[in-house]
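Sequence lines, in order, name chains A and B. Heads up: the first sequence begins at 10 in this note's numbering, then just goes up one per residue. Heads up: the second sequence begins at 44 in this note's numbering, then just goes up one per residue. Backbone N, C-alpha and C fix where the C-beta goes; we use that ideal spot for every residue, glycine too.
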Amino acid sequence: AQRVTQPEKLLSVFKGAPVELKCNYSYSGSPELFWYVQYSRQRLQLLLRHISRESIKGFTADLNKGETSFHLKKPFAQEEDSAMYYCALKRFNKFYFGSGTKLNVKP
Amino acid sequence: SAVISQKPSRDICQRGTSLTIQCQVDSQVTMMFWYRQQPGQSLTLIATANQGSEATYESGFVIDKFPISRPNLTFSTLTVSNLSPEDSSIYLCSVEVQAAGNTIYFGEGSWLTVV
Chain A
10 AQRVTQPEKL
20 LSVFKGAPVE
30 LKCNYSYSGS
40 PELFWYVQYS
50 RQRLQLLLRH
60 ISRESIKGFT
70 ADLNKGETSF
80 HLKKPFAQEE
90 DSAMYYCALK
100 RFNKFYFGSG
110 TKLNVKP
Chain B
44 SAVISQKPSR
54 DICQRGTSLT
64 IQCQVDSQVT
74 MMFWYRQQPG
84 QSLTLIATAN
94 QGSEATYESG
104 FVIDKFPISR
114 PNLTFSTLTV
124 SNLSPEDSSI
134 YLCSVEVQAA
144 GNTIYFGEGS
154 WLTVV
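The structure is reproduced here in structure tokens:
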């Protein structure tokens, strides 16, 4: 069965510090992975997807099949990055989400 | 992208009653899904709403408890039946947009509290 694990419930960093939100997955096929973000009082929205290999709002994520990871990184965190971040795996048109990590960027 | 409207945004219901949540999309979409997000937890897929046929339910969810309708490609309803306090949760409608690389988009959610 597919599973997405986000080991950290809460991650606090200071503004300007690097940030890495961890995501590990278990899936026997070729994974399609995403990061979703939910800012306070807003709906869940797509941040980035691994097949796009893009950088959104300074965030990047690389799929590491050997380590079955898809960690989200940003070199210099900003206060406006404070939000809930969810890693998700897509399988057969269905999305499976990790438990989420709350990122708190302190001034 | 797609604009997804959910109603109601919030409701308080008595145990034993039912609540029907509506999801309206501004464009035709093939795939619509219903998720549940219980307090402090992640999103759990309830079912895929299939247009013109019965919904496909995930393990642990049954049609009697969560009947779903999908009369056309822009609209779906989820009913949570015979409510108990354990049903207190946020219920989210989501759609897959093929034009956006098969990305899924979410409604704002319907916050249900059962008393």
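- Straight through space, the alpha carbons of F149 of chain B and Q47 of chain A are spaced by roughly 11 Å.
- In this structure, A:L98 is the residue among A:K115, A:S108 and A:L98 with its C-alpha nearest to the C-alpha of S35 of chain A.
- Interface flag for R62 of chain A against chain B is unset, since no Cβ pair is found closer than 8 Å.
- Listed along chain B, the residues sitting closer than 8 Å to L55 of chain A by beta-carbon distance are T146, I147 and Y148.
- If you check the CB distance, Q87 of chain A and K24 of chain A come in under 8 Å.
- With contacts defined as CB atoms closer than 8 Å, I64 of chain B and Q49 of chain B qualify as a contacting pair.
- Leaving aside the five residues that flank A92 of chain B on each side, the residues in its chain whose CB is nearer than 6 Å to its CB run, in chain order, M75, A98, I111, R113 and S119.
- For V28 of chain A, the CB contacts under 6 Å within the same chain, skipping 5 residues up- and downstream, are V22, K83 and A86 in chain order.
- Cβ atoms of F106 of chain A and L86 of chain B come within 8 Å of each other, at about 4 Å.
- Along the length of the region 65-100 of chain B, whole beta strand (DSSP E) runs at least 3 residues long occupy 74-80 and 86-92, reported in chain order.
- The Cβ-Cβ distance between L55 of chain A and F43 of chain A falls below 8 Å.
- Closest in alpha carbon position to C56 of chain B, among B:V46, B:D130 and B:A143, is B:D130.
- Between S108 of chain A and Q15 of chain A, the C-beta gap is smaller than 8 Å, which places the two residues in contact.
- K103 of chain A belongs to the set of residues whose beta carbon lies under 8 Å from a beta carbon in chain B.
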